[in-house]
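Chains as they are written, first to last, in the working numbering: chain H, 176 to 496; chain A, -2 to 284. Input: a single structure, listed below in structure tokens.
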Amino acid sequence: MAQHNIKLKDLTKIFSLGLLGKKRIVAVDRVNLEIKSGEILGVLGESGCGKTTMARMILRLLRPTSGKIFFDNIDVWGLKKWSEIREYYKNVQGIFQDPYASFNPRRRVLDSLYDTMRFLPDIAHDISKSREYLREILNSVGLKLEELENKYPHQLSGGQLQRVAIARALIPHPIFIVADEPVSMVDASTRIDILNIFIDLKQEYGVSPVIIGHDYSLAYYVSDRIVVLYRGQIVEEGSPEVLEDPAHPYTKLLKESVPLINRKWSKKFKPNIVAYDATVRGKGCIFAHRCPFRKPVCIEKEPPIVSLGRSKVRCWLYATN
Amino acid sequence: MAGFLKAFKRSNVWRLLKKNARFWICLMIIIAVAVLGIVGPYMTKYGPKTPTGEIMAPPSSKHPFGTDYFGYDVFAETVYGIRVSLTVGIFAAIIATIVGVMLGMVAGLRGGIIDYIVDTVINILLAIPPILIMLLIAAFMGKRGIIELGLLIGLLSWQWTARAVRSQVASLKVSDYVATSMLSGNSFIRIMFKDIFPNIASYSLLSFVIQLGSAMLTVITLEFLGLGASEWSLGAIIQLSVLWGAIPLGVWWWWFYPGIIIVALIASLYLIVVSLEEVFNPRLRRE
């Protein structure tokens, strides 16, 4: 299969606040990333770290402040013609966090799916053919076409609806599916099922999901490669084994905050939570104010990206000079 | 459509509307006035400007609303006047609602330079009292028919609708389901009609009733100032009665009957808006 990729080059998004736009929130800060087809990329980070912003920029829903996004070397935000944008969406699809918010409450869910069918004109023109196609797609996410007949979004459960959302994204046989917290609004018991669907998609359809989330163990479970975001910057990037023995202090902190089945509450696990003003950014490391291993240089200068063999870390601790 | 009606009958809106006595009374009044305008001309043998030979005759079985200083039948004048005034008002309200909803949707959805231009025009129209512009243009208009006057009023009173629709659409635009719709490869027009419009349809209906009330008032004001669409209209009767001293002469029926119809019509339209707002806005519900 041909290799495809999405490249983010110095991708930055700054939101201006206040009357004159004096306050700035840097949501995504010079992110460089290559997303390759054939793997599941997990993007991990706490709330407000810019993961949703990143997803929306890749999906061409939010214009970046600076930086570029390339899909197979085509500048995504340089696309002007509707047909070119459609072609992009045929290859790159998205799933959102809240399944109820991502379907028009006034339309039947199947109508929304039939809309997406128009990516495949030869099938879409034939009603019986497109029904068969939909039935197949819905089967692959564990749903029956008959169950959805004449149903409105509020008549389905969150888990069902999120499967419909995945089915919708799957219709044009995209190369990438950017899933923004696909399981966070889904009942805990169906989470693994939905994550398994993503793994199946990769194996059966050759779709490469980009799964964005805040859940450490889920990211470990599903991903082939992990990216850890903090305040808009990639702080650590590597194989999922990185999560077993993290290098960056922030990833370590994340790992320690995961509640485990054999670990009861005790005074030992003090959360290292520091309130910070999102509009203020120092010139040093963005994690310096919370870092237990802080050195003077961390506040003074931005850390370099250090390659540690299996992962890349943005931290002064591993810098050789 | 049948499914929609069924769903509507089961909905909260219908349940609340059914109990709202004020809404039904006002609706009855408006329908009664409209029926009077439609059927009235067939109930009288006089035209609006047919001399009856009787001058300033009080209401009687022959002349239900009496006759005026010129010997015209006030009932005939009134029913023909309702036709003219109501037609202009409805036409103007339709124009204002369509223009307001369309411009608001395009501005809110497209953003950028289009939004900037629409917003500037809205601000200009909000800053200058539209009645002044209407007076100026109406006074210099060569032909002042029903269509011309309706267009004039409609095209100068869409600003509130457009502003409200624009802000609602701008917030709907960033919703996840519009994003999903874009990912589905739907075109701008399709998103506008399939995803955005159904969510502002109830507001558009409400806006039409508001527009109708204010358009009626504007129409009657212009008619009263002698800039009506026709020689006979509700406002024109009041204007003549004032000019020819109906009050000092004691010819109260000359202005009372058309006046009470104007008041009933506009008050009912206003109260219907209040009732509909109560039904659509959960915070105003009185239960």
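Ideal Cβ positions, reconstructed from N, Cα and C, are used throughout, including at glycine. In this text, all values refer to a predicted model and were calculated from it rather than measured experimentally.
Whole-Å CB distance - residue i paired with residue j, under 8 Å assumed
i	j	result
Ser398(H)	Gly217(H)	3 Å
Val206(A)	Leu266(A)	6 Å
Val361(H)	Gly333(H)	5 Å
Val76(A)	Gly34(A)	6 Å
Pro357(H)	Ile369(H)	6 Å
Val353(H)	Val267(H)	7 Å
Thr47(A)	Tyr69(A)	7 Å
Ser139(A)	Pro255(A)	The amino acid occupying residue 139(A) in the given sequence is Gly; Ser does not appear at that position. The pair is not a contact, with the Cβ atoms about 28 Å apart (cut-off 8 Å).
Val270(A)	Ala89(A)	The pair is not a contact, with the Cβ atoms about 16 Å apart (cut-off 8 Å).
Val248(A)	Asp65(A)	7 Å
Neighbouring residues, chain A, relative to residue i (Cβ below 7 Å)
i	result
Tyr264(H)	Leu180 and Gly182
Trp257(H)	Ser184
Proximal residues of chain H, C-beta to C-beta of residue i below 9 Å
i	result
Asp112(A)	Result: empty, since nearest Cβ-Cβ is about 15 Å, beyond 9 Å.
Within chain H, partners of residue i - CB distance below 8 Å
i	result
Ser172(A)	Ala276
Ala31(A)	Residues of chain H passing the Cβ test: none, with the nearest at roughly 31 Å.
Ala176(A)	Arg231, Leu234, Leu236, Gly269, Phe271 and Ser277
Pair within 7 Å by beta-carbon distance, residue i and residue j
i	j	result
Asp355(H)	Gln272(H)	yes
Asp192(A)	Val175(A)	yes
Gly285(A)	Glu220(A)	No information on residue 285(A) is available, as it lies outside the stretch -2 to 284 that chain A covers here.
Ile189(H)	Val206(H)	no
Ile110(A)	Ala104(A)	no
Arg406(H)	Ile461(H)	yes
Leu219(H)	Ala422(H)	no
Phe67(A)	Trp250(A)	no
Met25(A)	Met102(A)	no
Lys182(H)	Phe278(H)	no
Cys224(H)	Leu404(H)	yes
His470(H)	Gly459(H)	First, the residue type needs correcting, since residue 470(H) is Lys and not His in the sequence shown. No; because the gap between Cβ atoms is not below 7 Å, this pair is not in contact.
Ala159(A)	Leu100(A)	yes
Gln165(A)	Thr94(A)	no
Pro347(H)	Phe294(H)	yes
Ala344(H)	Ile270(H)	yes
Ile192(H)	Val203(H)	Per the sequence presented here, residue 192(H) reads as Leu, with Ile not at that position. No; because the gap between Cβ atoms is not below 7 Å, this pair is not in contact.
Ile121(A)	Ala212(A)	no
Ser230(A)	Val32(A)	no
Trp155(A)	Gly97(A)	yes
Ser488(H)	Glu411(H)	Note on residue identity: the sequence assigns Val, not Ser, to residue 488(H). Contact: yes.
Val30(A)	Leu262(A)	yes
Lys211(H)	Asn180(H)	yes
Extent of the continuous alpha helix (DSSP H) run through residue i
i	result
Pro38(A)	Ala18 to Met40
Val206(A)	Phe194 to Phe221
Gly105(A)	Val71 to Arg107
Gln337(H)	Gly333 to Leu345
Arg306(H)	Ile302 to Ser315
Pro424(H)	Pro424 to Glu431
Glu275(A)	Trp249 to Phe277
Gly232(A)	Leu231 to Leu240
Gln268(H)	Per DSSP, Gln268(H) belongs to no alpha helix (DSSP H); it is in the beta strand (DSSP E), Val267 to Ile270.
Ile401(H)	Element bounds for Ile401(H): not the alpha helix (DSSP H) but the beta strand (DSSP E), Arg400 to Tyr405.
Arg163(A)	Gln156 to Lys170
First and last residue of the uninterrupted beta strand (DSSP E) at residue i
i	result
Thr177(A)	First-last for Thr177(A): Asp173 to Leu180, but that is the alpha helix (DSSP H), not the beta strand (DSSP E).
Ile189(H)	Asn180 to Leu192
Glu209(H)	Lys198 to Lys211
Leu219(H)	Leu216 to Leu219
Leu237(H)	Per DSSP, Leu237(H) belongs to no beta strand (DSSP E) and is neither H nor E.
Ala354(H)	Phe351 to Asp355
Val385(H)	Ser383 to Gly388
Ser277(H)	Taken as a continuous stretch (DSSP letters only), Ser277(H) belongs to no beta strand (DSSP E), as it is neither H nor E.
Ile409(H)	Gln408 to Gly413
Ser482(H)	Ile480 to Ser482
Chain-ordered chain A contacts of residue i [CB-CB under 8 Å]
i	result
Arg261(H)	Gly182
Residue-level contact to chain D via CB, residue i, 7 Å cutoff
i	result
Leu202(A)	Absent here is chain D; the protein component of the structure consists of chains H and A.
> Using Cβ-Cβ distances below 8 Å, what residues of the stretch 275 to 301 of chain H are close to chain A?
Replying inline: Ala276, Ser277, Phe278, Asn279, Pro280, Arg281, Arg282, Ser287, Asp290, Thr291, Arg293 and Phe294
>> Closer than 8 Å between beta carbons: that is the criterion. Which residues of the stretch 189 to 208 of chain A meet it against chain H?
In response: Lys191, Asp192, Pro195 and Asn196
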